[in-house]
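As structure tokens, the structure follows; a few thoughts come after it.
2 protein chains.
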Amino acid sequence: MKTLTERQQEILDFIRQRQESEGMAPTLREVATHFRFSSVNAALAHVQALLAKGVLKRVPRRARSLQVVDAGPSARRRPRVVSVPIYGSIPAGRPEDAAQEAEGCVLMDVETLGIRPTARTFGLQVRGDSMIGKHITDGDIAIIEHGVQPRSGDVVAALIDGQVTLKTFVLQRGKPYLRAENPRYPDLIPQEELQIQGVMVALVRKRK
Amino acid sequence: MKTLTERQQEILDFIRQRQESEGMAPTLREVATHFRFSSVNAALAHVQALLAKGVLKRVPRRARSLQVVDAGPSARRRPRVVSVPIYGSIPAGRPEDAAQEAEGCVLMDVETLGIRPTARTFGLQVRGDSMIGKHITDGDIAIIEHGVQPRSGDVVAALIDGQVTLKTFVLQRGKPYLRAENPRYPDLIPQEELQIQGVMVALVRKRK
DNA sequence: TCCAGTACTGGACAAATAAACAGCACTGTG
DNA sequence: CACAGTGCTGTTTATTTGTCCAGTACTGGA
Chain A
1 MKTLTERQQE ILDFIRQRQE SEGMAPTLRE VATHFRFSSV NAALAHVQAL LAKGVLKRVP
61 RRARSLQVVD AGPSARRRPR VVSVPIYGSI PAGRPEDAAQ EAEGCVLMDV ETLGIRPTAR
121 TFGLQVRGDS MIGKHITDGD IAIIEHGVQP RSGDVVAALI DGQVTLKTFV LQRGKPYLRA
181 ENPRYPDLIP QEELQIQGVM VALVRKRK
Chain B
1001 MKTLTERQQE ILDFIRQRQE SEGMAPTLRE VATHFRFSSV NAALAHVQAL LAKGVLKRVP
1061 RRARSLQVVD AGPSARRRPR VVSVPIYGSI PAGRPEDAAQ EAEGCVLMDV ETLGIRPTAR
1121 TFGLQVRGDS MIGKHITDGD IAIIEHGVQP RSGDVVAALI DGQVTLKTFV LQRGKPYLRA
1181 ENPRYPDLIP QEELQIQGVM VALVRKRK
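Pasting the structure below:
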């Protein structure tokens, strides 16, 4: 593929962005307006250059027919996005019962999360610094996959006293316990049954 | 939501299908052609009915502006997703020059990232532990917003010796320098101009 | 029978849009 | 200097598209 000029790359990015966020490709006029061209033709020229270089497709004489050719690796994988609800705390019971109390939502592609598309997944806003040893800080969102068998060393969301906390799941001599990754917090040896809500598969941190 | 007539459901399905497969919504004439209407107006009437019932959105007087309202759980919040390209390392020059060399992609919603939808954003796979003090570990993906003025304390991607590294941007007595969040790494006081690629707005960590 | 709702035809019109043509300014190169 | 490439302006033309108006046909009540 031929290289694009800086300006052409900007135009291409804009078109891609618009198509992804608005669901439809921009018109030449919208491109021109966004880049403050006073002539549509400037946009047209760029689009034609992108067309010639094969990074854009179009149906001639059709409104909004621009399509970014993502011919590369992302052409085949269709971006399967899942909407992950975020909870600040999860009350007793199954997490899906609390679906209405989601505090927010993160949309991420299945690929990145590395989960099964069928999996029940939710986000958990981390409170405190009990997992600081694994570099999980206050305010981070832990993406938890429900219904997975945890392995030793996995970070899991566990139900303790009606509250969900993040801990490291450790198997020692066949017996499981939960370890906090901060010396100021005690380990938890379960008296009865260990209630694991799910295993952390990803972490998202936002700028405050 | 009011119930749809059989015909209306067919029309709605067609519009959804076209948008998903072609990447753009059909025009009224395309709808009419597909259903073998000899008048555009038949399609218009149906579309208006769907509009009235709230299952379809549109921008008036705009070509191909139909959008199916996904009645699902994510109905209210419009999931504006952006496709963030991920670079392992960025060679010398501006990041957009290396667009073709993206190693992967993360799809995330604009809401979570807290960026302007028009912004140029990219992901940077973190190498090493020079930012461990801010709990950014090897393998993390830093989401960088390009073209933003960094403030003191922000984590930024900076261009040093043709390589992009993550550092904390610090303004001390009006003079900027870059701080590594690890005592084993030295601070960087720029000799000439400080090349800031962008400011970190979010962090994504995948389970390995 | 009358009426209302749904489904469609046919035609006309204005706005939105793509496309083409003629330029101008700037930059680097031989 | 001439020349080519890039980036942009300004204008015109043809097509596409959304919208409106008037009318037909069928259906199922009241």
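Here the protein sequences come in this chain order: A and B. Residues 1 to 208 in this note's numbering are what the first sequence lists, from first letter to last. Residues 1001 to 1208 in this note's numbering are what the second sequence lists, from first letter to last. Here a beta-carbon is modelled for each residue, glycine too, at the ideal position from N, C-alpha and C. Predicted model only: the values in this text are computed from it and were never measured.
#1: State the CB to CB distance for the pair B:L1124 and B:I1141, rounded to an integer number of angstroms; the pair is presumed to be in contact (CB under 8 angstroms).
#2: Could you say if the segment 1012-1028 of chain B and the segment 174-181 of chain A meet the contact criterion of at least three C-beta pairs nearer than 8 angstroms?
#3: With respect to the beta strand (DSSP E) encompassing A:Q125, which residues constitute its N-terminal and C-terminal limits?
#4: Count the other CB atoms within 10 Å of the CB of A:R77; is the residue buried (16 or more) or exposed (fewer)?
#5: Run the CB neighbour count on B:E1145, radius 10 Å, all protein chains shown included, and call it buried at 16 or more, exposed below.
#6: Buried or exposed for B:K1208, going by 16 or more other Cβ atoms inside 10 Å?
#7: Taking the straight line between their C-alpha atoms, what separation do you get for A:Q8 and A:R16?
#8: Can you tell me the Cα-Cα spacing of A:R127 and B:E1020, whole angstroms?
#9: Can you give me, in chain order, the residues of the segment 1134-1168 of chain B that have a beta carbon less than 7 angstroms from any beta carbon in chain A?
#10: If the cut is a Cβ gap below 9 angstroms, which residues of chain B does A:Q19 touch?
#11: Going by the C-beta, is B:H1034 closer than 6 angstroms to any heavy atom of the ligand COA?
#12: Would you mind working out which of B:A1063, B:H1046 and B:L1159 sits nearest B:I1189, comparing C-alpha positions?
#13: Identify the contact partners of B:V1204 in chain A, using a Cβ-Cβ distance below 9 angstroms as the criterion.
#14: Runs of 4 residues minimum, wholly inside the segment 131-156 of chain A: which ones carry the alpha helix (DSSP H) assignment?
#15: Of the residues B:R1120, B:F1014, B:R1058 and B:D1129, which one's Cα is nearest the Cα of B:E1181?
#16: Measuring CB to CB, does A:R64 end up less than 7 angstroms from B:A1063?
#17: Any idea what DSSP makes of A:L4, helix, strand or coil?
#18: DSSP on A:I86, reduced to helix/strand/coil?
#19: Which residues in the same chain as A:M131 place their Cβ atom closer than 6 angstroms to its Cβ, once the five residues preceding and following it in sequence are excluded?
#20: Using the beta-carbon count (16 or more within 10 Å), is A:E236 buried or exposed?
#21: Based on DSSP bridge pairs, tell me the residues matched to A:Q67.
#22: One question on the structure: do B:V1164 and B:Q1195 come within less than 7 angstroms of each other, judged by their Cβ atoms?
#23: Nearest to B:G1139 by alpha carbon, out of B:L1203, B:F1037, B:P1183 and B:N1041?
#24: Tell whether a beta-carbon distance below 7 angstroms holds between B:V1040 and B:A1049.
#25: May I ask you to report which of helix, strand or coil DSSP gives A:F37?
Considering the structure as presented:
#1: As a working mapping, residue 1124 of chain B is identified with position 124 in the second sequence. As a working mapping, residue 1141 of chain B is identified with position 141 in the second sequence. Between B:I1141 and B:L1124 the Cβ distance is about 7 angstroms, and since that is below 8 angstroms, they are a contact.
#2: Result no; under three Cβ-Cβ pairs closer than 8 angstroms.
#3: Reading the first sequence from its first residue, position 125 is the one you call residue 125 of chain A. Start and end: T121 to Q125.
#4: The residue given as residue 77 of chain A occupies position 77 in the first sequence. Its pLDDT being 38, under 50, A:R77 is placed unreliably by the model, and the measurement read from it follows with that caveat. Exposed, because fewer than 16 other Cβ atoms sit within 10 Å of the Cβ of A:R77.
#5: Within the second sequence, the letter at position 145 stands for residue 1145 of chain B. Counting Cβ neighbours within 10 Å, B:E1145 comes out buried, since at least 16 surround it.
#6: The residue given as residue 1208 of chain B occupies position 208 in the second sequence. Per the 10 Å Cβ criterion, exposed.
#7: What you label residue 8 of chain A is simply residue 8 of the first sequence in a count that begins at 1. What you label residue 16 of chain A is simply residue 16 of the first sequence in a count that begins at 1. Cα to Cα, the separation comes out at about 12 angstroms.
#8: If you number the first sequence from 1, residue 127 of chain A lands on position 127. If you number the second sequence from 1, residue 1020 of chain B lands on position 20. Approximately 39 angstroms between the Cα atoms of the pair.
#9: Only those residues of the segment 1134-1168 of chain B whose C-beta falls short of 7 angstroms from the nearest C-beta of chain A are listed: H1135 and T1137.
#10: Locating residue 19 of chain A in the first sequence gives position 19, where the first residue counts as 1. Neighbours of A:Q19 on chain B, chain order: G1023 and M1024.
#11: No copy of the ligand COA appears in this structure; indeed no ligand is present at all.
#12: Position 189 of the second sequence holds residue 1189 of chain B. It is B:L1159.
#13: Working through the second sequence from its first residue, we reach residue 1204 of chain B at position 204. Those within 9 angstroms of B:V1204 in chain A are M108, T112, A202, L203, V204 and R205.
#14: none
#15: Counting from one through the second sequence, the residue named residue 1181 of chain B turns up at place 181. Of the candidates B:R1120, B:F1014, B:R1058 and B:D1129, the one whose C-alpha sits nearest the C-alpha of B:E1181 is B:D1129.
#16: Sequence index remark: in the first sequence, residue 64 of chain A carries index 64 (1-based). Sequence index remark: in the second sequence, residue 1063 of chain B carries index 63 (1-based). Yes, Cβ-Cβ distance for A:R64 and B:A1063 is below 7 angstroms.
#17: What you label residue 4 of chain A is simply residue 4 of the first sequence in a count that begins at 1. Correct three-state label for A:L4: coil.
#18: Start at 1 with the first residue of the first sequence, and residue 86 of chain A comes out as number 86. In this structure, A:I86 counts as strand in the three-state DSSP scheme.
#19: Within the first sequence, residue 131 of chain A is the residue found at index 131, counting from 1. When the five nearest sequence neighbours on each side are left out, the beta carbons in the same chain lying within less than 6 angstroms of the beta carbon of A:M131 are those of L166 and E181, in order along the chain.
#20: Any property of residue 236 of chain A remains undetermined from this structure, which presents chain A solely from 1 to 208.
#21: Reading the first sequence from its first residue, position 67 is the one you call residue 67 of chain A. A:K57, per the DSSP bridge assignment.
#22: Here residue 1164 of chain B corresponds to residue number 164 of the second sequence, with the count starting at 1. Here residue 1195 of chain B corresponds to residue number 195 of the second sequence, with the count starting at 1. In this structure, B:Q1195 does not lie closer than 7 angstroms to B:V1164 by Cβ.
#23: Taking the second sequence and counting its residues from 1, the one referred to as residue 1139 of chain B is at position 139. B:G1139 has its Cα closest to that of B:L1203, out of B:L1203, B:F1037, B:P1183 and B:N1041.
#24: Here residue 1040 of chain B refers to the residue found at position 40 of the second sequence. Here residue 1049 of chain B refers to the residue found at position 49 of the second sequence. Contact: no.
#25: Position 37 of the first sequence, counted from the start, is the residue given in the question as residue 37 of chain A. Correct three-state label for A:F37: coil.
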